[in-house]
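One structure below.
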Amino acid sequence: MRRVNLSTELLQSSNLDIPFKAGLMCTNNFDKSNDFEKNKFLLNMVNEKHYSVIEHLSYSFVVRNISRALLQELARHRLVSLSVLSTRWALKKITKDIEVHYPVYVPATVQQTKILNELDAISEKLFNLIGEAAASGMPNDILKYYIQESLCTSLVLTVNARELIHIFELRTSKRALKEFRILCHSLFNSLPEDHKFLFEKFLEKDLS
Ligand SMILES: Cc1cc2nc3c(=O)[nH]c(=O)nc-3n(C[C@H](O)[C@H](O)[C@H](O)COP(=O)(O)OP(=O)(O)OC[C@H]3O[C@@H](n4cnc5c(N)ncnc54)[C@H](O)[C@@H]3O)c2cc1C
Numbered sequence: 008m009r010r011v012n013l014s015t016e017l018l019q020s021s022n023l024d025i026p027f028k029a030g031l032m033c034t035n036n037f038d039k040s041n042d043f044e045k046n047k048f049l050l051n052m053v054n055e056k057h058y059s060v061i062e063h064l065s066y067s068f069v070v071r072n073i074s075r076a077l078l079q080e081l082a083r084h085r086l087v088s089l090s091v092l093s094t095r096w097a098l099k100k101i102t103k104d105i106e107v108h109y110p111v112y113v114p115a116t117v118q119q120t121k122i123l124n125e126l127d128a129i130s131e132k133l134f135n136l137i138g139e140a141a142a143s144g145m146p147n148d149i150l151k152y153y154i155q156e157s158l159c160t161s162l163v164l165t166v167n168a169r170e171l172i173h174i175f176e177l178r179t180s181k182r183a184l185k186e187f188r189i190l191c192h193s194l195f196n197s198l199p200e201d202h203k204f205l206f207e208k209f210l211e212k213d214l215s
């Protein structure tokens, strides 16, 4: 069992000219793009909550090694498109090289240290048994029910800028799951440098 950290990589993004043109259309300036400073214009649109304009701006990311706990929270965002590594099809391979994510937790007492060590040992044993069962030919559709939320998965995520702002607002807050907060920061860092200005103010910077 190997503890891993998530990573993200940008696969594609649309050009800022597309939401710019969309905004110009709304204001009857479609053929007058030279009269406006693009970034300032787009930022104004966002500040005025004229959000349909930035729905024309979309991103596709590869997201690697997120826990299934985070996957189920990410999947609650109904306006994202997700294509996720299937445990049904990939269980045999997954259980040969088990990658998990557990958040860092510093036990507060001796009793908690003992409990945490036991949980880690049980968890390791469970994954090893699932691996053995998969190797013995037990069906994936049976074993799938025994896996834990710590098991990591990977996916391709496509999301438009409006929804990405919404996700950053909700999921970088201190109330959100830490792994989700880390994912948001990683997605932000993967954005094209010249797009970051649109998202900056929606990201809670402090990750502590
Ligand atoms: C701190 C925190 C704690 C949470 N705890 C729980 C919990 O205990 N239990 C639980 O079940 N969930 C929980 N959630 C998940 C939460 O309820 C939402 O399901 C999730 O954050 C997706 O957000 P959303 O619905 O705003 O947006 P998305 O699905 O991302 O949709 C974006 C926006 O589109 C609009 N929209 C989309 N679908 C509809 C619709 N059907 N009707 C009307 N408008 C729509 C809304 O304006 C919505 O904000 C929690 C979320 C957070 C951040």
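Residue numbers (our numbering): 8 to 215. Built from N, CA and C at the ideal position, the CB exists for glycine as well.
Just to confirm the assignment, what range does the beta strand (DSSP E) spanning residue i have?
i: T15; result: 14-20
i: V91; result: 88-91
i: R71; result: 65-74
Taking C-alpha atoms, which residue in the options lies nearest to residue i?
i: L198; options: L77, F68, A82, S157; result: F68
i: D24; options: N147, N35, N12, S40; result: S40
i: N12; options: E176, F37, Y109; result: Y109
i: L133; options: L158, L194, Y58; result: L158
i: L17; options: E186, S143, S193; result: S193
i: C191; options: Q119, K121, L78; result: L78
i: P146; options: N135, T94, N196; result: T94
i: C33; options: V166, S59, D213, S215; result: S59
i: H84; options: I105, Q118, N167, F195; result: N167
Confirm, please, whether the CB-CB distance from residue j to residue i is below 7 Å.
i: V111; j: M8; result: no
i: T102; j: A141; result: yes
i: V14; j: R71; result: It should be pointed out that residue 14 corresponds to Ser in this sequence rather than to Val. A contact, by the Cβ cut-off of 7 Å.
i: R169; j: T179; result: no
i: F209; j: I172; result: yes
i: L150; j: I137; result: yes
i: E55; j: L184; result: no
i: P114; j: L126; result: no
State the start and end residues of the unbroken alpha helix (DSSP H) segment that holds residue i.
i: M52; result: 45-54
i: T116; result: Run containing T116: none; DSSP gives neither H nor E here.
i: D38; result: Here D38 belongs to no alpha helix (DSSP H), and DSSP marks it neither H nor E.
i: Y28; result: The sequence shown places Lys at residue 28, not Tyr. Where K28 is concerned, the enclosing alpha helix (DSSP H) stretches over 24-33.
i: R95; result: 94-103
i: L150; result: 147-150
### Query
Which runs of the alpha helix (DSSP H), 4 residues or longer, sit entirely within the stretch 168-204?
168-178, 185-197
### Query
If you pair each beta-carbon of the stretch 81-92 with each one of the stretch 161-171, do three or more pairs fall below 8 Å?
Enough Cβ pairs lie closer than 8 Å, so yes.
### Task
Would you check if there are 3 or more beta carbon pairs closer than 8 Å linking the stretch 96-106 to the stretch 151-160?
yes
### Query
Touch check for the stretch 50-68 and the stretch 193-211: three-plus C-beta pairs under 8 Å?
yes
### Message
Quick check: the stretch 56-76 against the stretch 23-35, are at least 3 beta-carbon pairs closer than 8 Å?
### Response
yes
### Query
Which parts of the stretch 123-166 are runs of the alpha helix (DSSP H), unbroken and 4 residues or longer, counting only runs that do not cross its ends?
147-150
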